[in-house]
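What follows is a single structure, written as structure tokens, with notes after it.
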């Protein structure tokens, strides 16, 4: 107590929690003078809470330290989990008066609102509090090797606090945890072609890998005789050393140790429309990607082609030129001995057949980039 004549001020040094109370100045009664009491003066003692800690049974120490100006230097813990598995992270801060306010900060540096549960309990002294903040969520691939923070807020952390404080500090205590998220491979399949030269000047030598455009058709992957290379790119955790690759053609396994690359030499037209699939597995699961091949090949006649047709006078007859090729063949019909195109397409229709219609008809077939073929079909009167 500090006092001088008429001044009986109270000064409390080294404030403790026991000083949290209501004080009153009293003057005792004298002869013919009643005693007096001052108004109540309330001293509220704020107690700095313990720094936050992250509680989880299977945490593995990860020896890394934060050196951010806003964070105390501390060890970051590592949590190993699997994408899609629900986990609970609990952050605790003990002994604050009032209770510490905790918040979770996600990997995008945003305060988490969803999946949060707060629990505040009173300590045995009836004046201090423990705070527990639980965050329930399902980590994703994007959370791998990302830090999550638990940040504590309290009046004792502010330099302008008007309250008496014990162990006050200017820092903002923060606990951190780093996630190691395991996830099944995500697979992307790329295809490129190694061109085999098809003219007489280069004797079939291979040329550098070319983009996926053949004869100006952008959706083709190659042509017969080419070498096609497939690359299977997979992103997963565990990564490369834990991944197993499997290649399939139309759901049938392609035998061989191909790894992440498959090379098919001298493709033939049987590969057109074939589905090439890459499956990649790691201890978490399996991912896959596939591509349906579009292989260019030259025209050829179907074995069902008929070279002679007979018709009665006045009949309608349809001459057919069944062919195969990719891209779709262009077909033109010309009557032998003339130069004008009678029709285009796989069939030539002749109505009201007469004697002058008898003769040979040329079916000419072309596929861009390949040699043209033709067949002569004869029409006679029965």
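Numbering (the working numbering), first residue to last: -13 to 368. Yeah, the Cβ is synthetic: ideal placement off N, Cα and C, and Gly gets one too.
query                                                                                                                        : result
Whole-angstrom C-beta distance between residue 165 and residue 134, which should lie under 8 Å                               : 7 Å
Heavy atom of the ligand MG within 7 Å of residue 308 beta-carbon                                                            : Among the components modelled here there is no ligand, and therefore nothing to report on the ligand MG.
Proximity to residue 115 [Cα-Cα], best of 122, 104, 121 and 124                                                              : 104
Neighbourhood of residue 310 by C-beta distance below 6 Å, restricted to the same chain and skipping five residues each side : 286
Endpoints, beta strand (DSSP E) assigned at residue 274                                                                      : 272 to 278
Residue 1 to residue 96 span [Cα, whole Å]                                                                                   : 37 Å
Reference residue 76, options 178, 40 and 35, closest by Cα                                                                  : 40
Outcome for residue 125 when other beta-carbon atoms lying within 10 angstroms are tallied against a minimum of 16           : buried
Residue 6 versus residue 111 - alpha carbon distance                                                                         : 12 Å
Backbone secondary structure at residue 143 - three-state DSSP                                                               : helix
Three-state class that DSSP yields for residue -4 in the structure shown                                                     : coil
Simplified DSSP state of residue 5, which is helix, strand or coil                                                           : helix
Among -3, 235, 17 and 245, nearest to residue 27 - alpha-carbon criterion                                                    : -3
Residue 353 burial status per 10 Å Cβ neighbour count (16 or more: buried)                                                   : buried
Beta bridge counterpart(s) of residue 218 as assigned by DSSP                                                                : 175
Alpha-carbon spacing of residue 225 relative to residue 143, whole angstroms                                                 : 44 Å
Range of the contiguous beta strand (DSSP E) that encloses residue 312                                                       : 309 to 312
Start-to-end residues for the beta strand (DSSP E) that takes in residue 42                                                  : Here residue 42 belongs to no beta strand (DSSP E), and DSSP marks it neither H nor E.
Cβ-Cβ distance between residue 173 and residue 266 below 8 Å                                                                 : yes
N- and C-terminal bounds of the beta strand (DSSP E) containing residue 285                                                  : 281 to 287
Residue 212 versus residue 313 - alpha carbon distance                                                                       : 16 Å
6 Å Cβ shell around residue 337 - same chain, five flanking residues per side excluded                                       : 302
Local Cβ density within 10 Å of residue 315, reported as buried at 16 or more and exposed below that                         : buried
Residue of 85, 129 and 123 minimising C-alpha distance to residue 108                                                        : 85
Three-pair Cβ contact test at 8 Å for the stretch 292 to 299 versus the stretch 319 to 334                                   : no
Same chain only: Cβ atoms within 6 Å of residue 356, ignoring 5 sequence neighbours per side                                 : 284
Which of helix, strand or coil DSSP assigns to residue 226                                                                   : helix
Three-way DSSP call (helix, strand, coil) for residue 343 in this model                                                      : helix
Assigned secondary structure, residue 123 (DSSP; H/G/I helix, E/B strand, else coil)                                         : strand
Selection from 241, 209, 348 and 334 that minimises the alpha carbon distance to residue 255                                 : 209
Cα-Cα separation between residue 339 and residue 257, rounded to whole angstroms                                             : 43 Å
Residue 154 (DSSP reduced to helix, strand or coil)                                                                          : Note that residue 154 scores 46 on pLDDT, short of 50, meaning its location in the model is unreliable; the coordinates nonetheless yield the value given after this. In this structure, residue 154 counts as coil in the three-state DSSP scheme.
Under the three-state DSSP convention, the category residue 370 falls into                                                   : Nothing can be reported for residue 370, as the shown portion of the chain is limited to -13 through 368.
C-beta atoms of residue 38 and residue 79 nearer than 8 Å                                                                    : yes
Counted within 10 angstroms of its Cβ, other Cβ atoms place residue 291 as buried (16 or more) or exposed                    : exposed
Own chain, CB closer than 6 Å to residue 50, minus 5 neighbours either side, in chain order                                  : Model confidence at residue 50 stands at a pLDDT of 46, short of 50, so the residue's coordinates are unreliable; what they give is reported in the following sentence. Taken in chain order, the residues that qualify are 62.
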